[in-house]
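J.: Okay, so the sequence shown: first residue is 16 according to our numbering, each after it adds one. Cβ coordinates follow ideal geometry from the N, Cα and C atoms, glycine included. Remember, it's a predicted structure, so these values are computed and weren't measured experimentally.
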Amino acid sequence: MAKLVSVFISAGHRRLIVAVIWAAAFAFVLGLIGIVAARQIGIVMRAEIGSALERFERLDENVRNTFAMLHKDVTAEPCSPAFGSQLRKVAFLPDGLSEFIYAPDGVVRCSISAPRLVAPVALGTPDITADSVAIWLDRDLGFLRLDGLHGTIALSEPFAVVVPKQQIVTPFHPWVELETGLAAPDNSWWHRSGTPGINEHDENRLASGSAWSPLHAGAFVLRQCGRSGLQCVAARARLADILAAEWKRFLVALVGAALVAAWVAAQGSRLIRAYWSLEARFRRHLDAGSIVLAYQPIIHLESGRVSGCEVLARWRDVDDTILFPDAFIGIVERYDLTRRFTSLVAQRAFEELSSLPDQVRLRVNFNIFPRDLDGDTLREIFSIFDQARERFEITLEIVESGAIQADSAQREIEELRRAGIDIYIDDFGAGYSNMANLATLSVDGVKLDRAFALAPDGSLTAQMLVHAVEMIRATGRAMVIEGVETAERLAQLRRWATPLDHAQGYFISRPLAIDRFAAFLADHEPQPASIEATAIAGPGASRIVA
Ligand code: C2E
Ligand code: CA
Ligand code: CA
């Protein structure tokens, strides 16, 4: 899970996800455009088929009307002169049909061109029989004295007509190819004109109604037949031809899809970033399990013994990385999670510290938010330690700020002190706050900002360290000097130490997880200063510095 989640947190992975979103959106939009385009292509092809079919339908109809007329009007003795003139009367109609034949039972006896055949000619088995009309395709018409001509003969007993061959006109769209043919009731196909072979696709695709299904081997194919079901037109549109003819539109679609995809990816990226931002993650997952604590030992300077520790919070991110306070304290404050956060820290610390050996006595320093110095909030949060007061003395460190001066905060500080909790000003000397605070606030101690202890020897800040220490001593308050990183600085501090002075810093120990802190305590038997001040110093082995 942590692995999976880290995919969303790392910037590199997020870029990859955004790229994937872009690609998916691009494919989706292109797909939509494709569906619309396919529908459009289908509409165009149907229109082309329709206009071609219309011409053949008209011919079909003419043939049918002509048969009706022949049956009605040609009543004279077959093949007699009167019969011939009755045939010719029908032939004058402007229907494109001119050769009429008398052929009872498929045996030609006379026609307009051949008024009386010497020997009747049997047409043989028709190529197609549909709707009581028999059809012979592309017959040599020499036997009708029409030498060199070919034509299709349609027979509706006892009359037959020669149907002239019809060519399809060029389609309106250059990328559409058409084929006309006759579809016999037995499903056989007779190519009549246009591009041969289009009809050779499977029936379903040819007749398909939906957008993409007529797509076959890089081309759309469709077929429609006329009312009689005999005259059919098949159409084909090759994708390559469409692209060649419509490349400008295709380009516009491509660019449009890319832009839409970019917009979607940007929105997606924004949502992912918002959902997986540290802020959002922290607010969703802040709970007892996500709080990780480190304990940094604090020593009593005069005796060199460990007197307590400062509890420092870390936060376990959803991908299991451990974040330091500078990453999340601001979020805690911004979203008013201070009480909840401090309470989670206090509970966690209580659980972990309770696991230390029974004889361990410690002063435990917590960092608190000044804004929580109202009402009984802090009193309630730290009451969890009431049951273990003989083991753990509690100090709350408040960052020195204007907020401390509020009357209500002052009242709360006094309230906490009455409850046996010590209050320290944290980071004293940092920022712009007034040194006079030190004199006016009723606090138990002061934590000197680490900038002083960290300052190189001889620097102005190092000189200020001496004055700051003197100033704090003048108020009779306890003091923790933090940020002690070197043996020299510790030795120097110890030289001037009074019983109220303490120190903390990497030279003494880095902040430690509870098990390592327990090991540290096993090596350096701890003793809170309040006890130390009156007790005789223990054996040298338990001291940080002998
Ligand atoms: P802080 O209260 O000044 O805590 C001391 C910080 O100095 C810690 O940083 C500690 O690791 C670091 N430090 C200790 N010894 C040395 C040293 O010798 N040299 C140097 N250069 N640094 C040293 P950390 O743990 O990153 O904490 C940063 C700040 O976050 C703390 O500053 C404190 O203001 C805040 N914080 C930490 N835990 C909590 C908490 O539970 N609640 C609240 N409200 N704030 C917390
Ligand atoms: Ca602190
Ligand atoms: Ca500090």
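Hey, is Phe41 close to ligand 1, as in C-beta under 7 Å from one of its heavy atoms?
T.: no
J.: Here's a check: name, in chain order, each residue in its chain whose Cβ is nearer than 7 Å to the Cβ of Ile24, leaving out the five neighbours to either side.
T.: Cβ neighbours of Ile24 beyond the five flanking positions: Trp291 and Asp334.
J.: DSSP puts Lys462 in a beta bridge; with which residues?
T.: According to the DSSP secondary-structure assignment, Lys462 is paired through a beta bridge with Val495.
J.: Please report the straight-line C-alpha distance between Glu503 and Pro471, rounded to a whole angstrom.
T.: 11 Å
J.: Any heavy atom of ligand 1 inside 7 Å of the beta-carbon of Arg465?
T.: yes
J.: Which residue marks the beginning of the beta strand (DSSP E) containing Ser11, and which one marks its end?
T.: Any answer about residue 11 is impossible in this case: the structure gives the chain only from 16 up to 561.
J.: Closer than 6 Å by C-beta to Val33: which residues in its own chain qualify, once you throw out the five before and the five after it? Chain order, please.
T.: Ala280 and Ser284
J.: Let me know the secondary structure DSSP gives Arg154 once reduced to three states.
T.: Correct three-state label for Arg154: strand.
J.: Going by C-alpha distance, which of Ala149, Phe107, Asp373 and Lys104 is nearest Ala118?
T.: Comparing Cα positions, the closest option is Ala149.
J.: Using 8 Å as the threshold, is the C-beta distance between Leu254 and Arg238 below it?
T.: Using a Cβ distance threshold of 8 Å, Leu254 and Arg238 do not count as a contacting pair.
J.: Pull up the CB-CB distance for His206 and Glu218, whole angstroms please, since I reckon it's below 8 Å.
T.: His206 to Glu218, Cβ: 17 Å. No contact.
J.: Is Phe265 helix, strand or coil when you go by DSSP?
T.: helix
J.: Distance check for Leu469 and Leu371, CA to CA, integer angstroms please.
T.: Answer to the nearest angstrom: the Cα atoms are 32 Å apart.
J.: By the three-class DSSP mapping on this structure, what secondary structure does Tyr521 have?
T.: Under the three-state reduction of DSSP, Tyr521 is assigned to coil, being neither helix nor strand.
J.: Using a Cβ-based criterion (distance less than 7 Å to any ligand heavy atom), does Glu412 qualify as near ligand 4?
T.: As for ligand 4, it is missing from this structure, which binds only ligand 1, ligand 2 and ligand 3.
J.: Consult DSSP for Tyr577 and reduce its assignment to one of helix, strand or coil.
T.: Since the displayed the chain opens at 16 and closes at 561, residue 577 lies outside it and no answer follows.
J.: Can you tell me where the alpha helix (DSSP H) holding Gln55 begins and where it ends?
T.: Ala26 to Asp88
J.: Could you check where the beta strand (DSSP E) with Gly212 kicks off and where it finishes?
T.: Here Gly212 belongs to no beta strand (DSSP E), and DSSP marks it neither H nor E.
J.: Kindly indicate which residue of Ile413, Leu47 and Phe467 has the alpha-carbon position closest to the one of Gly271.
T.: Leu47
J.: Following a CB-centred definition, is Asp437 positioned closer than 7 Å to any heavy atom of ligand 2?
T.: no
J.: Bridge partners of Ala234, per DSSP?
T.: His231 and Arg253
J.: Within 10 Å of its beta-carbon, does Gly323 have 16 or more other beta-carbons around it, so buried, or fewer, so exposed?
T.: buried
J.: In this structure, how does DSSP classify Glu194 when only helix, strand and coil are distinguished?
T.: strand
J.: Residues in its own chain within less than 7 Å of Ala414 by CB, not counting five upstream and five downstream?
T.: The amino acid at residue 414 is misidentified as Ala; the sequence shows Val. Only Pro385, Asp441 and Asp442 meet the Cβ criterion.
J.: When DSSP labels each residue in this structure, what does Tyr290 get in the three-state scheme?
T.: helix
J.: Check whether the Cβ of Trp325 lies closer than 7 Å to any heavy atom of ligand 2, and answer yes or no.
T.: Just to set this straight, residue 325 is Glu in the shown sequence, not Trp. It does: the Cβ of Glu325 is within 7 Å (strictly closer) of some heavy atom of ligand 2.
J.: Roughly how many angstroms separate the alpha carbons of Ile36 and Ala289, rounded to a whole number?
T.: Going by the C-alpha atoms only, they are around 16 Å apart.
J.: Distance, Cα to Cα, Ala556 vs Ile409?
T.: Confidence is the limiting factor: at Ala556 the pLDDT is only 35, short of 50, which leaves the residue's position unreliable, though a coordinate-based value still follows. Approximately 26 Å between the Cα atoms of the pair.
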